[in-house]
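Heads up, the thing below is written out as structure tokens.
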Amino acid sequence: MEALLHFQEVTGLEANMHGEIQHLYLAGVQEHTREKLMQITGFSVGEFPMRYLGLPPYPRKWNKQDCSHLVHRIASKITSVQQDISRLQFINSVLFSIHNFWGSVFILPKSAFKGVDKMCREFL
Numbered sequence: 006m007e008a009l010l011h012f013q014e015v016t017g018l019e020a021n022m023h024g025e026i027q028h029l030y031l032a033g034v035q036e037h038t039r040e041k042l043m044q045i046t047g048f049s050v051g052e053f054p055m056r057y058l059g060l061p062p063y064p065r066k067w068n069k070q071d072c073s074h075l076v077h078r079i080a081s082k083i084t085s086v087q088q089d090i091s092r093l094q095f096i097n098s099v100l101f102s103i104h105n106f107w108g109s110v111f112i113l114p115k116s117a118f119k120g121v122d123k124m125c126r127e128f129l
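Each residue of the sequence shown is one higher than the last, beginning at 6 in our numbering.
Structural data, given as structure tokens:
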């Protein structure tokens, strides 16, 4: 807990120790260290998949299957487009903004970009 207090003093940011959801996400930590951390903090061990800012972070590089959520989300937007919006305007404003946001947060495989580009071309 000293480290969290020091972090707060240095940055001015405070850990929410009293919130409803208090989980530790650990990787490569020995069991006795895990138990000690849980005892000190009072947190429980969280499991993947979780969501942070609406996005599912992964403890490894994304593969084609991991990106299926992104591709499915864009496909569902295409099927729900209203006729009063031009297709090109819809692609530029909605679909590519989703595509660009996810691409800026995660390192996505080329196959995800190709799949989205293909859907957009077919939609035009």
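A virtual CB, placed ideally from N, CA and C, is assigned to each residue, including glycine.
Burial state of residue i (16 or more Cβ within 10 Å)
{"i": "Leu-18", "result": "exposed"}
{"i": "Leu-100", "result": "buried"}
{"i": "Ala-32", "result": "exposed"}
{"i": "Leu-113", "result": "buried"}
{"i": "His-74", "result": "exposed"}
Secondary structure of residue i, DSSP reduced to three states
{"i": "Leu-93", "result": "helix"}
{"i": "Val-5", "result": "No answer is possible for residue 5: it lies beyond the span of the chain, which begins at 6 and ends at 129."}
{"i": "Ser-81", "result": "helix"}
{"i": "Leu-18", "result": "coil"}
{"i": "His-23", "result": "coil"}
Nearest candidate by alpha-carbon position, reference residue i, set the options
{"i": "Arg-126", "options": "Ile-83, Gln-13, Ser-102", "result": "Ile-83"}
{"i": "Lys-69", "options": "Leu-129, Gly-120, Arg-92", "result": "Gly-120"}
{"i": "Glu-7", "options": "Tyr-30, Glu-36, Thr-46", "result": "Thr-46"}
Start-to-end residues for the alpha helix (DSSP H) that takes in residue i
{"i": "Gly-120", "result": "115-128"}
{"i": "Trp-67", "result": "Taken as a continuous stretch (DSSP letters only), Trp-67 belongs to no alpha helix (DSSP H), as it is neither H nor E."}
{"i": "Gly-108", "result": "101-110"}
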